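Chemist:
Residue numbers (the numbering used here): 3 to 231.
This is the structure we're talking about:
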């Protein structure tokens, strides 16, 4: 899995909105960098990397939501989610095909192996359809519109404060919000068969980890161990 790039020129004591815009542009560029490789027939790893990059972007966009106008952010969130969903559909098939391939290697006889082959072929057909949808979602025209939506969304909202909030101060609040959401959902770990709640907890865990990683440099690297846990 490709690691998130270091944000060049990040100043933790600068205006939160200005640094947030820098982060979002960088995270969006990371999505675009994987496009060509993800669309290649053998781009399994790149599909995964592009999907993770889209998650990081969407998580950062969620963290920075209080800094920007909701109406401007809404179309951006909607379109990026479509790209993320398309990537997820392809990735789901890749994971299933890989798992079935491992099962086939341990098949006790040819009859069982043949049955698994049929399942693999069905999954490959689904992947082909999912990949075609992904291609539609990341055409040059659509990505150009996404870039335009991003720039429209990056106009900061006035906070009404005499002294603008710094990126470091905003980071502390963003992490607090992520921790609160995680704790609200943590009790679902005791409901092992409640898939929807466990999925929401998993999402909250990822978003908390991404927030800790995002603001780590503003706190001397001390957040890294928490992100790892």
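Note that beta-carbon positions come from the ideal geometry of N, C-alpha and C, so glycine has one too.
These numbers were taken from a predicted model, which means no experiment stands behind them.
CB-CB under 8 Å to residue 7, same chain, minus the five flanking residues each way: which ones, in chain order?
Modeler: Taken in chain order, the residues that qualify are 28, 32.
Chemist: Applying the 10 Å Cβ sphere with the 16-neighbour rule, what's the burial state of residue 21?
Modeler: Result: buried.
Chemist: Is there a Cβ from chain D that is less than 8 Å from the Cβ of residue 125?
Modeler: Judged by its chain identifiers, the structure shown contains no chain D, having just a single protein chain.
Chemist: Note down, in chain order, each residue of its chain lying with its Cβ closer than 8 Å to the Cβ of residue 117, except the 5 sequence neighbours on either side.
Modeler: For residue 117, where only same-chain residues beyond five positions count, there are no Cβ hits under 8 Å.
Chemist: Could you please give the first and the last residue of the uninterrupted alpha helix (DSSP H) stretch that includes residue 60?
Modeler: 46-65 is the extent of the alpha helix (DSSP H) around residue 60.
Chemist: Which residue comes first and which comes last in the alpha helix (DSSP H) that contains residue 168?
Modeler: Here residue 168 belongs to no alpha helix (DSSP H), and DSSP marks it neither H nor E.
Chemist: Quick check on the burial criterion: 16 or more other C-beta atoms within 10 angstroms. Buried or exposed for residue 70?
Modeler: When all chains shown are included, residue 70 counts as buried.
Chemist: Give a yes or no on whether the C-beta atoms belonging to residue 137 and residue 89 are separated by under 8 Å.
Modeler: No, Cβ-Cβ distance for residue 137 and residue 89 is not below 8 Å.
Chemist: Can you list, in chain order, the residues of its chain whose CB lies under 8 Å from that of residue 129, leaving out five sequence neighbours each side?
Modeler: Same-chain partners within the cutoff: 92, 95, 96, 99.
Chemist: For the alpha helix (DSSP H) that contains residue 79, what are its first and last residues?
Modeler: Start and end: 72-107.
Chemist: Using only CA atoms, which one of 16, 101, 211 lies nearest to residue 126?
Modeler: Closest by alpha carbon: 101.
Chemist: Are the Cβ atoms of residue 62 and residue 12 separated by less than 8 Å?
Modeler: No.
Chemist: Got a sec? Which residues, its chain only, sit under 8 Å from residue 57 by beta carbon, not counting five neighbours each side?
Modeler: Counting only Cβ-Cβ distances below 8 Å, and skipping sequence neighbours, we find 86, 208, 212.
Chemist: Could I get the ranges of all uninterrupted alpha helix (DSSP H) runs contained in the stretch 103-154, with 4 residues as the minimum, in chain order?
Modeler: Counting only runs of 4 or more, we get 112-139.
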